[in-house]
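>
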Amino acid sequence: MITTVQTLRFQNQTLMLLYFIRRLLQGLFIVLLVSIITFAIMHLLPGDPVQLLLGDGKIKMTDELRAAIHAKWGFDKPYYEQYWIWLMSLARGDFGESLVRRGVPVREMILEAAPVTAFLNIISLLIAIAIAIPAGIIAGVRRNSWFDYATTFSSTLGVSLPSFWVALMAIIVFAVMLGWVPPYGLKTWRGYILPVAVLATEQMAVLARVMRSATIETLTQDYVRTARSKGLVERLVISRHAVRNALLPVVTVIGFQVAYLLSGTIVLETIFALPGIGRLFIDSLGRLDYQVVQSLVVVLSALVVFVNILTDMVYAVVDPRIRIE
Amino acid sequence: MAAISTPQTHFAEQIDRTAHRSEWTQAWRRFRSNRLALFGLVVVILLILTALFADLIVPYDPIYQFRGMRGAAPSAEHWLGSDYNGRDLLSRIIAGTQIALMVGLGATFLQVIIGVFVGAAAGYFGGWTDTLLCRLIDTLMSMPVLALLTLLAAVLRDKEIPSVLLTILVIGFTGWARFARVVRADVLSLRSRDFVVAAQASGVRALRIIFYHLIPNLVGPVIVLASLGIGGIIILEAALSFLGLGVNPPTPSWGVILSDGRQYITNYPHIVTFPGIMIVITVLAFNFLGDGVRDALDPKQRAD
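Sequence order for the protein chains is A and B.
Quick note: the first sequence uses the numbering used here, first residue 1, plus one each step.
Quick note: the second sequence uses the numbering used here, first residue 1001, plus one each step.
1) Taking C-alpha atoms, which residue in Ile-129/A, Trp-165/A, Phe-119/A and Leu-194/A lies nearest to Val-206/A?
2) Taking just the CA atoms, how far does Val-1187/B sit from Leu-1214/B?
3) Report yes or no: do the stretch 1043-1063 of chain B and the stretch 1080-1090 of chain B share at least 3 C-beta pairs separated by less than 8 Å?
4) Using a threshold of 8 Å, state whether the C-beta atoms of Val-293/A and Ser-284/A are closer than that.
5) Give the residues from the stretch 1259-1277 of chain B that approach chain A closer than 9 Å (Cβ to any Cβ), ordered along the chain.
6) Can you give me the start and stop residues for the alpha helix (DSSP H) that Ala-1147/B sits inside?
7) Please list, in chain order, the residues of the stretch 1133-1167 of chain B that have any C-beta partner in chain A closer than 8 Å.
8) Assuming Phe-1288/B and Phe-1039/B are in contact, meaning their beta carbons sit under 8 Å apart, how far apart are those beta carbons, in whole angstroms?
9) Are the C-beta of Gly-1290/B and some C-beta of chain A separated by less than 8 Å?
10) What does Ile-1093/B reach in chain A if we use C-beta pairs closer than 7 Å?
11) Could you name each continuous alpha helix (DSSP H) segment of 4 residues or more that falls completely within the stretch 235-285 of chain A, going from the start of the chain to the end?
12) Between Leu-1190/B and the rest of its own chain, which residues show a CB-CB distance below 7 Å, the 5 nearest in sequence each way excluded?
13) For the candidate residues Pro-1269/B, Leu-1110/B, Gly-1290/B and Gly-1106/B, whose alpha-carbon lies nearest to that of Leu-168/A?
14) Given this structure, state the Cα-to-Cα distance separating Leu-1115/B from Glu-112/A, to the nearest angstrom.
15) Whole angstroms are fine: how far does the CA of Asn-12/A sit from the CA of Gln-291/A?
16) Under 8 Å Cβ to Cβ from Gly-1229/B, same chain only, skipping five residues before and after it: list those, please.
17) Between which two residues does the alpha helix (DSSP H) containing Trp-1254/B stretch?
18) List, in order along the chain, the chain A residues whose C-beta lies closer than 8 Å to that of Phe-1195/B?
19) Please report the residue range of the alpha helix (DSSP H) in which Phe-1274/B lies.
20) Just verifying my parser: in three-state terms, what is the DSSP assignment at Asp-1061/B?
21) Who are the neighbours of Gly-1231/B on chain A, taking C-beta pairs under 9 Å?
22) Is Gly-226/A buried or exposed, if buried means 16 or more other CB atoms sit within 10 Å of its CB?
23) For the alpha helix (DSSP H) containing Ser-1189/B, name the first residue and the last one.
24) Classify Asp-1194/B as helix, strand or coil using the three-state DSSP reduction.
25) Does any residue of chain B have a CB that is nearer than 8 Å to the CB of Ile-172/A?
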């Protein structure tokens, strides 16, 4: 008997490992596709970065010199070769040097900006989870109560509010009129308050919605009826049986949200003038800084893919039902 | 009512009444009983009328600059005041309705066309086609939307395409993955159904099966997904234009007005307030409508 259990457990672990490896390979393939798409798009860009670098023709130079600069950056090589070189250096973690801020490695620029964005996203996600999950559970359990209506109303409103407009309104009210926080910049830590609040509001709306409907869904399940009929206290029915199952879809949604979260930071960092990844991206796009833009797209997509794999793994560990597939 | 209505007769009446109704009539009845959805529908119709007749409704020319009206506050002549260049804000916002709806509906249409086609092909042909298309769908879904959009918009900017059309194309070509994913899953389950197998057995060509037998069965879920997506697309357009990568000024897109007003936010906060309220009303209306359509067409998947 014991051996059977052990064999089963072993098989299970092997399955998990295979599943993990398959997901990882798929993820790698996706990142590869992203890099190809990005590279293709970038090389359709209008304008020659070398031309732009030299003040759009204001600095006179001979054609030979121009050709030499092209050669230095590898612009004279055929596209597939440029791509291959780029891909190989990406694989080594070398993102090249910025074309505009001469000599500064792209990796350094990204590492400089990443903490701001990471802090912004993680804190707002945590705040959103801390508020939205309990709110969603209570709304789902006490359906049609005033609390449920208030939660549903606010989350519907929250989904329909463009975050960049909320940001502008927040600046008007809390920075300009009340003067509680700085309107933009990061001179003090209080510069984080508004962007974090706006980003968290957006996440909260989505999470509360999902949590509420997941709670309602699980409350109709047979195991909840069983738990109730065996005389379990309602509080325990909800905390032990309903909520734990209802959290599963929310985990997936949080994984999906990462891509949106990063999109949200692009606009918010621009509005609040925060020196993060989003602002670096928009600025580099404006300056035609090939290297930075293409590296950022690949890095961000890789991050999304990685988080999605991570959520799938969490899901597989927590919910044994989907492991076998 | 004096007549006795036993449960049986009541039931029989109900069955009698519902038997003749088509699926669509029933869906419309369910939709009609949803007050929020009806409200959304009314607002959407009003918005469409505003967009269609914008040229007649606007009190002033939306790009005419009134002298001495820089950032003027709302008044009897200019209900919502003026922007920093002295242009009538109400007229600009009304004209912006056109842009918002054109992009919202146009990009959705494009996403549906591409998504349905790719999804149907992946689901129907299976094998390598499926694997490849699925990876493409995954890839599009794991690129941060705004990064991809801004990148494409920046690349295609200086080409000879009007900026509104360009915005529609860019959003259309990047956002179809959601549709493809749903359509693929549905086609997979439809593929082994008798009517498809029968069609295959009688030698109907694959393209004909897809267009005449499969796609008509997907109309419901696609409409649901499309109507839920329009609001998000309107927000995306505003965000893109706000970043200077969508509709070009002086065309009065709501995002453009917001981006114009942002620079004078400390002195003239009214400029950024009104277009935002308009975006929220529009997006809310489309979301109510979308929720209503989902509940009406797919009663099993109701959120509550």
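C-beta atoms are modelled at their ideal positions from N, C-alpha and C, and glycine is treated no differently.
Note that the coordinates shown come from a computational prediction; the quantities given were computed from them, not determined experimentally.
To lay it out plainly:
1) Ile-129/A
2) 7 Å
3) yes
4) yes
5) Gly-1261, Arg-1262, Ile-1265, Thr-1266, Pro-1269, Val-1272, Thr-1273, Pro-1275, Gly-1276 and Ile-1277
6) 1145-1156
7) Arg-1135, Leu-1136, Asp-1138, Thr-1139, Met-1141, Ser-1142, Met-1143, Pro-1144, Val-1145, Leu-1146, Ala-1147, Leu-1148, Thr-1150, Leu-1151, Leu-1152, Ala-1154, Val-1155, Leu-1156, Arg-1157, Asp-1158 and Lys-1159
8) 6 Å
9) no
10) Result: empty, since nearest Cβ-Cβ is about 13 Å, beyond 7 Å.
11) 243-271
12) Val-1196, Leu-1214 and Asn-1217
13) Pro-1269/B
14) Sequence check: residue 1115/B is Gly here, not Leu. About 39 Å.
15) 44 Å
16) Thr-1108, Gln-1111, Gly-1175, Arg-1178 and Gly-1290
17) 1254-1262
18) Neighbours of Phe-1195/B on chain A: none; closest Cβ ~28 Å, over 8 Å.
19) 1270-1297
20) coil
21) Val-159 and Ser-160
22) The amino acid occupying residue 226/A in the given sequence is Thr; Gly does not appear at that position. So Thr-226/A ends up on the exposed side.
23) 1177-1191
24) helix
25) yes
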